[in-house]
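Letter by letter, the sequence shown follows residues 32 to 146 of my numbering. Accompanying notes for the structure given below.
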Amino acid sequence: QVQLVESGGGLVQAGGSLRLSCAASGRIFSINVMGWYRQAPGKQRELVATIGNTGIPTYAASLKGRFTISRDNAKNTIYLQMNSLKPEDTAVYYCKRVQGGYDYWGQGTQVTVSS
């Protein structure tokens with residue numbers, strides 16, 4: 032089993048920044064992909080960004096340039112630096128890890144951007 036714990040969410044004004052963290056623990060495999068997804072009220076969960084164990088990131092096209100995903104393999108942790116936040120970025124942000132053919136999800140962290 033793998034446990035994922037997100038942190039760093041909160042309330043921020045439009046134009047501000049937040050940095051999310053997601054730490055993985057448990058039965059960790061070196062080959063994996065981790066990522067961030069978000070779900071706004073009344074909407075489907077959507078991809079924000081992913082990053083493999085090699086460190087190569089991918090982004091949702093609409094978010095590239097404002098959001099940056101990174102990882103620290105030694106800490107089994109990924110980060111999401113979010114800049115120039117907009118009210119439409121308000122959502123619950125979830126961390127996901129894929130390894131060994133299984134998907135693992137965190138509990139989510141709320142990000143609220145006020146106008």
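Positions of the beta carbon are idealized from the N, C-alpha and C atoms, including for glycine.
- Distance from the CA of L35 to the CA of G139, rounded to the nearest whole angstrom, comes to 9 Å.
- Excluding the 5 residues flanking it on each side, D120 has same chain C-beta neighbours closer than 6 Å at V144, in chain order.
- Bounds of the beta strand (DSSP E) holding F98 are 98-103.
- Assignment of P72 by DSSP, reduced to helix, strand and coil, places it in the coil class.
- Bounds of any beta strand (DSSP E) do not take in Q138, whose DSSP letter is neither H nor E.
- DSSP places P88 in the uninterrupted beta strand (DSSP E) bounded by 88-90.
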